[in-house]
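Q: I have a structure here, written as structure tokens, and I will follow up with some questions on it.
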Amino acid sequence: MPLCPPGKNTTTTTTTTTTTTTTTTKFYYYYYYYYYYYYYYYYYYYYYYYYYITTTTTTTTTTTTSTTTTTTTTTTTTTTTT
14 MPLCPPGKNT
24 TTTTTTTTTT
34 TTTTTKFYYY
44 YYYYYYYYYY
54 YYYYYYYYYY
64 YYITTTTTTT
74 TTTTTSTTTT
84 TTTTTTTTTT
94 TT
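Going by my numbering, the sequence shown runs without a break in its numbering and finishes at 95.
Structure (structure tokens):
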């Protein structure tokens, strides 16, 4: 593994975000039932509502972000001779 040059510092930050979305779909069923009662000459109407079946869909999204930061350090040395 190669070393960084002197005076250089590299930092890498990785961020992972996971998003989960759930969608629920419901289906409705309607039943109509007609009943005739001829003997008494009555007309009966019967409405039956039936509700069932649920479908669930789950979607997962993963996002990865990588950030690299490079820091350079400069050192200055001053020598005074008297």
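A virtual CB, placed ideally from N, CA and C, is assigned to each residue, including glycine.
Verify whether the separation of the beta carbon atoms of Thr76 and Thr23 is less than 8 Å.
A: As a working note, residue 76 is residue 63 in the sequence shown. As a working note, residue 23 is residue 10 in the sequence shown. In this structure, Thr23 does not lie closer than 8 Å to Thr76 by Cβ.
Q: Quick one, which of Thr26, Thr71 and Thr28 has its alpha-carbon nearest Thr37's?
A: Locating residue 37 in the sequence shown gives position 24, counting from the first residue. Residue Thr71 is the option with its Cα nearest to Thr37.
Q: Could you check whether Thr74 and Thr99 sit closer than 8 Å to each other, using their CB atoms as the reference points?
A: Not covered by the structure: residue 99. The range shown for the chain is 14 to 95.
Q: Measure the beta-carbon distance from Thr81 to Thr25 and round it to whole angstroms, keeping in mind my assumption that it falls under 8 Å.
A: One-based indexing of the sequence shown puts residue 81 at position 68. One-based indexing of the sequence shown puts residue 25 at position 12. About 5 Å; that satisfies the 8 Å criterion.
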